[in-house]
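Report on the following structure.
Residue numbers (full-length UniProt numbering): 1 to 237.
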């Protein structure tokens, strides 16, 4: 099951909603409520990018409903490395999304949104992956609707972006580490999250397995679907 998160896909959220309603903890509450409503738990939660952060938040909040995680970056432990010049050349979009200018330039303009999204899909993916034009058309139609782009960037306006989160995050006491068994799939070619940033995972997780995704960029589940599916099946077993 792959639900649309608040502000993403066809779930744009109510007009005028508080950006906090789109932050990680609020998103996790929605996912957990769906798990409870459908009586699915305990479940294996899998995700990358924003979905990874939400899966981690859900596991912290309700470990009784989450039996395991399969996630790709972002993961905790980045720290102030996110402020290096190389990192900031990639993370420019996060402070940009906090500006009213982002809404003025992009919201409600499918053609402009498509150009914007195409940059990230091309720049962040691995060397052997390129999204299909029809998929970019579909995404542009979804996020080009009036209000849809703003709903999606409320994640950053709520302070949930990787930069703000990494600077605020401190390693917990050993007893407070995330105890849910976790498989981390870390790509080789993700310009946002270099593989060297995986060196502090054990400071945040009690039971974590790190697996490299060679040849893969930021979009792990799409670029390496078999590897993701295998990791999920293993955790289900």
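Built from N, CA and C at the ideal position, the CB exists for glycine as well.
Bear in mind the structure is a predicted one, so any value in this text is a computation, not a measurement.
Worksheet entry | Cα-Cα separation, residue 204 to residue 72 | Per the coordinates, the alpha-carbon of residue 204 lies some 15 Å from the alpha-carbon of residue 72.
Worksheet item: Just checking, does the region 40-59 make contact with the region 67-81 on the three C-beta pairs under 8 Å criterion?
Response: Of all C-beta pairs linking the region 40-59 to the region 67-81, three or more are shorter than 8 Å, placing the two stretches in contact.
Fill in: CB of residue 150 within 8 Å of CB of residue 189, strictly
Between residue 150 and residue 189, the CB-CB gap reaches or exceeds 8 Å.
Fill in: residue 163 - DSSP class collapsed to helix/strand/coil
Three-state DSSP puts residue 163 in a helix.
Worksheet entry | Check whether residue 200 and residue 186 have beta carbons under 8 Å apart | It is not a contact, given that the beta carbons lie outside the stated cut-off.
Discussion item. If contact is defined by three or more beta carbon pairs under 8 Å, each pair taking one atom from either stretch, is the region 75-89 in contact with the region 30-49?
Written reply: These segments do not touch.
Discussion item. When you compare the CB positions of residue 184 and residue 211, do they come within less than 8 Å of one another, or not?
Written reply: A distance below 8 Å separates the beta carbons of residue 184 and residue 211.
Discussion item. Please report the straight-line C-alpha distance between residue 177 and residue 53, rounded to a whole angstrom.
Written reply: In this structure, the straight-line span from the alpha carbon of residue 177 to that of residue 53 is close to 15 Å.
Worksheet item: Quick one: what's residue 43 bridged to in DSSP?
Response: For residue 43, which the question treats as bridged, DSSP gives the partners 66.
Discussion item. Short of 6 Å in beta carbon distance, which residues of its chain neighbour residue 219, apart from the five on each side in sequence? Order them along the chain.
Written reply: If you ignore the 5 residues before and after residue 219, its C-beta comes within less than 6 Å of the C-beta of 125, all in its own chain and listed in chain order.
Worksheet entry | Three or more C-beta pairs below 8 Å linking the region 218-234 and the region 122-138 | Yes, they touch.
Item to complete: Would you grab the beta carbon distance between residue 82 and residue 31 for me? Rounded to a whole angstrom, and I think it's under 8 Å.
Response: Actually they are not in contact, since the Cβ atoms of residue 82 and residue 31 sit about 26 Å apart, beyond 8 Å.
Worksheet item: In terms of DSSP beta bridges, what is residue 31 paired with?
Response: Answer is none; residue 31 lacks a bridge partner.
Worksheet item: The beta strand (DSSP E) spanning residue 113 covers which residue range?
Response: Looking at the DSSP string, residue 113 is not in any beta strand (DSSP E); the run it does join, the alpha helix (DSSP H), is 110-124.
Practice prompt. Give a yes or no on whether 8 Å exceeds the smallest Cβ distance from residue 43 to chain D.
Written response: Here chain D cannot be found, since the structure has a single protein chain.
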